[in-house]
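Undergrad: Once you've had a glance at the structure underneath, I'll fire off some questions.
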Ligand code: HEM
């Protein structure tokens, strides 16, 4: 997967409708249900049917950088816009996330990393305030922690049955060595994606995800 070099400023590209996105080639990924066997909650295991998990089956991803900041634009079809904190006991806000191992090395994407090689997840939810996104780190299933400070911004727009969400962050975040992946032009990084269809009761471990790591190359 290519992370295309662009010249736009972060504030410009953060807009999912920015014209600059037209020149960044999209890649379509097949999304799968998170396996019930990997759910740490016995309640989830007992009450969910894997066939009903993962409403989003196809995700379009565009990746770009301007030398200082990296950008991901995620788009997927969703007939209902769920953007309230609490909608119903079985309905949650829509959301999406990006996963990258911290410090290189291989680590299981289907278990959100391991004790030895943690993962950094970038998280956007439709009920977050404008431009808010959270930084999380996980050392395997059931270990997700939210950082106090997030260097990530994200903006989502729902239009005619489709979400488009842009994430951005400085390539390098030296103040967050332990909690965030460090990116650099000319290097590659493993990347994975997740989508929560809140209207179908998806949240936390119940979502769709890209089953295999993709190697993202940051164009020099
Ligand atoms: C590859 C893409 C993935 C991304 C980007 C991702 C991202 C995230 C994020 C941001 C959270 C916190 C969300 C919240 O609190 O609502 C979370 C929680 C969680 N995720 Fe993932 N995830 C991925 C794959 C998976 C897979 C394959 C599983 C397997 C079942 C899984 C299981 C969980 C569980 C159980 C939680 C609840 C919190 C915890 O127990 O740690 N995730 N994930």
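In this note's numbering, the protein residues as written are 54 to 273. Ideal placement from N, C-alpha and C gives every residue a C-beta, glycine not left out.
Let's test the definition: count the other Cβ atoms within 10 Å of the Cβ of residue 90 and tell me whether it reaches 16, buried, or not, exposed.
TA: exposed
Undergrad: Spell out a yes or no on whether the stretch 129-144 and the stretch 159-168 are touching, meaning 3 or more CB-CB pairs, one atom from each, closer than 8 Å.
TA: no
Undergrad: Assuming residue 222 and residue 123 are in contact, meaning their beta carbons sit under 8 Å apart, how far apart are those beta carbons, in whole angstroms?
TA: Indeed, because the Cβ distance is near 6 Å, the residues count as touching under 8 Å.
Undergrad: Can you round the beta-carbon distance between residue 102 and residue 249 to whole angstroms, since I take them to be within the 8 Å contact cut?
TA: Not a contact, Cβ separation roughly 17 Å.
Undergrad: Note the first and the last residue of the continuous beta strand (DSSP E) segment covering residue 237.
TA: Unbroken run through residue 237: none, as it is neither H nor E.
Undergrad: Per DSSP, what are the beta-bridge partners of residue 269 in this structure?
TA: 242
Undergrad: By the 10 Å Cβ neighbour count, where 16 or more other Cβ atoms means buried, how is residue 268 classified, buried or exposed?
TA: Exposed, because fewer than 16 other Cβ atoms sit within 10 Å of the Cβ of residue 268.
Undergrad: Taking the alpha helix (DSSP H) that residue 97 falls in, what are its first and last residues?
TA: 95-100
Undergrad: Distance check for residue 192 and residue 115, CA to CA, integer angstroms please.
TA: Rounded to whole angstroms, the separation of the alpha carbons of residue 192 and residue 115 is 27 Å.
Undergrad: Give the DSSP-derived three-state secondary structure of residue 76 in the structure shown.
TA: helix
Undergrad: May I ask you to report which of helix, strand or coil DSSP gives residue 201?
TA: If DSSP states are grouped into helix, strand and coil, residue 201 belongs with coil.
Undergrad: Is it right to say residue 263 is buried, meaning 16 or more other beta carbons lie within 10 angstroms of its own, or is it exposed?
TA: The Cβ neighbour count for residue 263, taken over all protein chains shown within 10 Å, is at least 16; the residue is labelled buried.
Undergrad: Which residue comes first and which comes last in the alpha helix (DSSP H) that contains residue 63?
TA: 63-66
Undergrad: Assign residue 232 to one of two classes, buried (16 or more other C-beta atoms within 10 Å of its C-beta) or exposed (fewer than that).
TA: buried
Undergrad: Are the stretch 93-101 and the stretch 143-162 in contact at 8 Å, needing three or more beta carbon pairs?
TA: no
Undergrad: Within 10 Å of its beta-carbon, does residue 261 have 16 or more other beta-carbons around it, so buried, or fewer, so exposed?
TA: buried
Undergrad: Report the three-state DSSP secondary structure of residue 164 (helix, strand or coil).
TA: Correct three-state label for residue 164: helix.
Undergrad: Please work out which residues of its chain come closer than 6 Å, Cβ to Cβ, to residue 259, disregarding the five sequence neighbours upstream and downstream, and give them in chain order.
TA: 106
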